[in-house]
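Novice: Residue numbers (UniProt numbering): 1 to 984.
For glycine and all other residues, C-beta sits at the position ideal for the given N, C-alpha and C.
#1: Could you name each continuous beta strand (DSSP E) segment of 3 residues or more that falls completely within the stretch 91-143, going from the start of the chain to the end?
#2: On the criterion of 16 or more Cβ atoms from any shown chain inside 10 Å, does residue 326 qualify as buried, or is it exposed?
#3: With DSSP as the reference, label residue 341 as helix, strand or coil.
#4: Sort out for me which residues DSSP pairs residue 354 with in a bridge.
#5: For residue 740 and residue 381, I'd like the C-alpha separation in whole angstroms.
#6: So the beta strand (DSSP E) residue 637 belongs to, where does it begin and stop?
#7: Distance, Cα to Cα, residue 89 vs residue 123?
#8: With DSSP as the reference, please indicate the residues paired to residue 491 in a beta bridge.
#9: For the putative contact between residue 164 and residue 110, defined by C-beta atoms under 8 Å, what is the C-beta separation to the nearest angstrom?
#10: Going by alpha carbons, who is nearest to residue 988 out of 824, 519, 783?
#11: Roughly how many angstroms lie between the CA atoms of residue 1009 and residue 881, to the nearest whole one?
#12: Is the Cβ-Cβ distance between residue 280 and residue 353 less than 8 Å?
#13: Find out if the Cβ-Cβ distance for the pair residue 822, residue 760 is shorter than 8 Å.
#14: Where does the unbroken alpha helix (DSSP H) through residue 388 begin, and where does it stop?
#15: Of the residues 428, 304, 219, 637, which one's Cα is nearest the Cα of residue 455?
#16: In whole angstroms, what is the alpha-carbon distance linking residue 257 and residue 368?
#17: Straight-line CA distance for residue 314 to residue 334?
#18: Pick out the complete alpha helix (DSSP H) segments inside the stretch 183-218, 4 residues or longer, and give them in chain order.
#19: On the CB-based measure, 16 or more other CB atoms within 10 Å of its CB, does residue 690 come out buried or exposed?
#20: Are the Cβ atoms of residue 424 and residue 388 separated by less than 8 Å?
#21: How many angstroms separate the CA atom of residue 771 from the CA atom of residue 813?
#22: Once you ignore the five residues that flank residue 485 on each side, which residues in its own chain have a CB closer than 8 Å to its CB?
#23: Assess contact between the stretch 275-291 and the stretch 338-350, defined as three or more Cβ pairs (one per stretch) separated by less than 8 Å. Is contact present?
#24: In its own chain, which residues sit with a C-beta less than 6 Å from the C-beta of residue 509, not counting the 5 before and 5 after it?
#25: Could you work out which residue in 803, 833, 842 is closest to residue 985 when comparing CA atoms only?
#26: What are the complete beta strand (DSSP E) segments, minimum 3 residues, inside the stretch 530-602?
#27: For the beta strand (DSSP E) that contains residue 983, what are its first and last residues?
#28: Tell me the rounded alpha-carbon separation between residue 985 and residue 660.
#29: What separation, rounded to the nearest whole angstrom, lies between the Cα atoms of residue 551 and residue 458?
#30: Do residue 943 and residue 915 count as a contact pair if the criterion is CB distance below 8 Å?
#31: Between which two residues does the beta strand (DSSP E) carrying residue 87 extend?
#32: Apply the 10 Å Cβ neighbour rule to residue 564 and answer buried if 16 or more other Cβ atoms are within range, or exposed otherwise.
#33: For residue 519, which residues does DSSP report across the bridge?
#34: What residues in its chain sit with their C-beta under 7 Å from that of residue 887, if we drop five residues either side in the sequence?
#35: If you draw a straight line from the C-alpha of residue 476 to the C-alpha of residue 399, how long is it?
#36: State the CB to CB distance for the pair residue 102 and residue 247, rounded to an integer number of angstroms; the pair is presumed to be in contact (CB under 8 Å).
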């Protein structure tokens, strides 16, 4: 791969954390003059010369086929086929055996289950049995004993009342074309040959060895649409796959219902009685900047479709003459062009288009394009502003499209700035089908169900939330006769869950694809390994969909403010009363969390909490409440009060929009790559994050409103996310209050300097980074004290070597961590100190847990749920249902202080759910208190935050339950430091 190719692939500003850098052409690096000149050349090549090329190409291809003159036996069926509507044969659901069935597969009877079938818009629930035979569903509900007795080799599974869903359908994925771990030779996402490329096929780049297939299946994903990237207006043809490895082990054997024309010239019917849907990727907006601006993009679309329309009209005219018997007028071959046949099929309504578009301007442009050329667009992807313009979507030619969105992953670029957690509910209320998607690896496909859980938490009804990852994407893709639903005749793709699928941490117990068991993973040695799944979820409550808060007020405000509602709270001073409080948690003397009050009333278990000037003055049966003004009395309905949470690892407070340089700190100097300006007079160019802090960012305020009151931010970015922009010496982190308005507000900055940060790891895929040996050599020199400590670099590395400040090292590889432990021992022996070293990221730390514990090194797992994005992270410990242990459990067993981090600023709001999920994955080996510490006191200890005692610690008020309950939401913050209560 050329250097230019790598640069283009790695600069897509679409992911919350930077994996998008693999997928986009940079606009900022190209002057507008060059862009316009290059685009004009491209258009000249691809459009204005098409007429002559088409004639030459068509004639040559037709001659090779031996079609030198029109033949009635060939032409008339061909013309008739142009009017065929794609879809399965009428008797498809009556089939006895799937075309994907593998001989020797046992039939399976799942007894006593609660079955979400996906039918009737997700409202149908069947209590009973499910029979899988020959790769299809043969029975559902009450199944005749006669049918069961006639099936040989039957495996019986007792679900014991557990939930079953269809296999999850991921409508937007790059599995196989951006394989994990990401290596330069396996990135097959975008074409650089021009903005229009309908002739390309994602199947031609589909890698069968992607480590993410098994991980996705472990999350219940059984099928996915593999899309080309979004740097082209028309990126190419997309294909659906089943994720299981077949006996043939080929790409072709993974494809689900590929079009009959896959290996046939043009659109010949091949005597088929039905036609299969084809799929294609389109894109608009920012990601196409490498080929021009929005106007250029739309002209590229219109030019391409105009060319396809010429061919379509020529075909229609040709067929009209043939069907009238005017053969003497047909002296040319059937008009067609292999390059444009896909777009001709689009115009004939035979293609399900997935269109990547974010903003209202782009959504409106797509609607106008569809009406101009009269073709439907099946789904709009990302569509951050779709919820603000539902009436525009309803004007789409051919019907309302489905909208595929993220639940809470927003604001990573300008186009996504107005995205909202309420979008799913708003769209559903407007009658627009809602789909949750992963855009894997933007979000790990394994956790696609978590997107549905989040959408449900913010108001999407449970049946639509489950449908959003099963039946709705299958229907949008024209494949609901096979996947996404469970009814007699559909494919045997089934997931058995350990709890209700919308419960946080819901985990598949078993997964079948085509009736073949995939999870638990079949043993290669025939020795059964028991993976424990679902311990601690035995109660009836786990079998019910979670109750969620009422967000009506917030949703209405978001719409009223065009997606950007005010996020600052209402400041209340003086006395404030919270009624019907169930429990209050406070910090203990050693900084840990202790539940000090619960069941505040003997009669109801609920009591009152009185706050005066930001401090609690009474808990329980408090007097004189009635005399308070009603505006200062709040009913929390069985809620709780607990210390605020902390977040670390994302650029929270250091940027507003990741993909917009003008909203970030900007470029800093890396002494390992170039000389530092003399004006800094410092070899390592050590900088302080506190100098770049921005208050009032939407991500910070959103986190604050979710109970995350403290943030520790640094300029450190792991190499795999930052690429050539990664800085080995990443400066000093800072701690601040997420709800503060500016740096000079009382208590806004908790600690100017928290820790010293260093980034270490192998080169960015396909890049030329600093070698690991060079990184370690530099770090050794600095820690040995060979740099004068009268400058910033020498001073702070001396402090780190002496253990005065923590040294936080971004590192994932076990081998590099081992080298760092050896270096730590050498430094301590040399200067007689005890360093406070912390590994952040630490994906492979479980392999070195004992040695890390013995060395007294702390660990921040970031992300909390591992994914092998790059080579340094390939040896993950997956957790249930793939392994009994998680990295967190392994580290806890060695007595290591562990915290949890996040990579994307929009993820900071999820701290309480990340902690709860980590505890659930441990199968009861991590307590609630320990989970709480993962995102609070443990981070304070690891990152050197001092003085956050009970007297100044912010307390969060949750309505409707405890911090860990999906039924609760944060409604305010009690702030002793600021002497007020912040009400949301």
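Specialist: Per the coordinate set shown:
#1: 107-116, 125-133, 136-141
#2: The residue labelled residue 326 in the question sits at position 326 within the chain shown. The residue is exposed, with fewer than 16 neighbouring Cβ atoms inside 10 Å.
#3: Residue 341 sits at position 341 when you count from the first residue of the chain shown. Three-state result, residue 341: helix.
#4: For the purposes of this step, residue 354 is identified with residue 354 of the chain shown, where counting begins at 1. Its beta-bridge partners are 281, 379.
#5: In the chain shown, residue 740 corresponds to position 740, counting from 1. In the chain shown, residue 381 corresponds to position 381, counting from 1. Taking the straight line joining both Cα atoms gives about 35 Å.
#6: Translated into the one-based positions of the chain shown, residue 637 becomes position 637. Note, residue 637: beta strand (DSSP E), 633-643.
#7: Within the chain shown, residue 89 is the residue found at index 89, counting from 1. Within the chain shown, residue 123 is the residue found at index 123, counting from 1. Rounded to whole angstroms, residue 89 to residue 123 spans 26 Å at the Cα level.
#8: Indexing the chain shown from 1 puts residue 491 at position 491. Bridge partners of residue 491: 136.
#9: For the purposes of this step, residue 164 is identified with residue 164 of the chain shown, where counting begins at 1. For the purposes of this step, residue 110 is identified with residue 110 of the chain shown, where counting begins at 1. Contact holds; Cβ gap of about 7 Å.
#10: No statement about residue 988 is possible, as the shown extent of the chain runs from 1 to 984 and does not include it.
#11: Missing from the structure shown is residue 1009; the chain here goes from 1 to 984 and no further.
#12: Residue mapping note: residue 280 aligns to position 280 of the chain shown, counting from 1. Residue mapping note: residue 353 aligns to position 353 of the chain shown, counting from 1. Yes, the pair counts as a contact, with Cβ atoms nearer than the cut-off.
#13: Position 822 of the chain shown, counted from the start, is the residue given in the question as residue 822. Position 760 of the chain shown, counted from the start, is the residue given in the question as residue 760. No; because the gap between Cβ atoms is not below 8 Å, this pair is not in contact.
#14: For this step, residue 388 is matched to residue 388 along the chain shown. That residue, residue 388, is in no alpha helix (DSSP H); it is neither H nor E in DSSP.
#15: Position 455 of the chain shown holds residue 455. Among 428, 304, 219, 637, the Cα nearest to that of residue 455 is on 428.
#16: Taking the chain shown and counting its residues from 1, one reaches residue 257 at position 257. Taking the chain shown and counting its residues from 1, one reaches residue 368 at position 368. Looking at the two C-alpha atoms, the distance is approximately 31 Å.
#17: Translated into the one-based positions of the chain shown, residue 314 becomes position 314. Translated into the one-based positions of the chain shown, residue 334 becomes position 334. Approximately 9 Å, taken between the alpha carbons.
#18: Runs of the alpha helix (DSSP H) inside the stretch 183-218: 212-218.
#19: As a working mapping, residue 690 is identified with position 690 in the chain shown. Label assigned to residue 690: buried.
#20: As a first step, residue 424 must be located in the chain shown, where it is residue number 424. As a first step, residue 388 must be located in the chain shown, where it is residue number 388. Not in contact: residue 424 and residue 388 (Cβ atoms no closer than 8 Å).
#21: Counting from 1 along the chain shown, the entry for residue 771 is found at position 771. Counting from 1 along the chain shown, the entry for residue 813 is found at position 813. Cα-Cα distance, rounded: 14 Å.
#22: Working through the chain shown from its first residue, we reach residue 485 at position 485. Result list for residue 485: 117, 118, 119, 166, 470, 471, 474, in chain order.
#23: yes
#24: For this step, residue 509 is matched to residue 509 along the chain shown. 496, 498, 533, listed in sequence order.
#25: In the structure as shown, the chain starts at 1 and stops at 984, and residue 985 therefore has no counterpart that could be examined.
#26: 570-572, 575-587, 593-598
#27: Reading the chain shown from its first residue, position 983 is the one you call residue 983. Element bounds for residue 983: 980-983.
#28: This structure cannot settle anything about residue 985, because the visible part of the chain is limited to 1 through 984.
#29: One-based indexing of the chain shown puts residue 551 at position 551. One-based indexing of the chain shown puts residue 458 at position 458. If you take the alpha carbons of residue 551 and residue 458, they lie about 7 Å apart.
#30: Locating residue 915 in the chain shown gives position 915, counting from the first residue. Locating residue 943 in the chain shown gives position 943, counting from the first residue. In this structure, residue 943 does not lie closer than 8 Å to residue 915 by Cβ.
#31: Position 87 of the chain shown, counted from the first residue, corresponds to residue 87. Note, residue 87: premise wrong, no beta strand (DSSP E); not H, not E.
#32: Locating residue 564 in the chain shown gives position 564, counting from the first residue. By the neighbour-count rule (16 or more Cβ atoms within 10 Å), residue 564 is not buried but exposed.
#33: Within the chain shown, residue 519 is the residue found at index 519, counting from 1. Beta-bridge pairing links residue 519 to 511.
#34: The residue you call residue 887 lines up with position 887 of the chain shown. Excluding residues within five positions, the ones whose Cβ falls inside 7 Å are 845, 846, 861, 866, 877.
#35: Indexing the chain shown from 1 puts residue 476 at position 476. Indexing the chain shown from 1 puts residue 399 at position 399. Roughly 12 Å separates the two Cα atoms.
#36: Taking the chain shown and counting its residues from 1, one reaches residue 102 at position 102. Taking the chain shown and counting its residues from 1, one reaches residue 247 at position 247. About 6 Å; that satisfies the 8 Å criterion.
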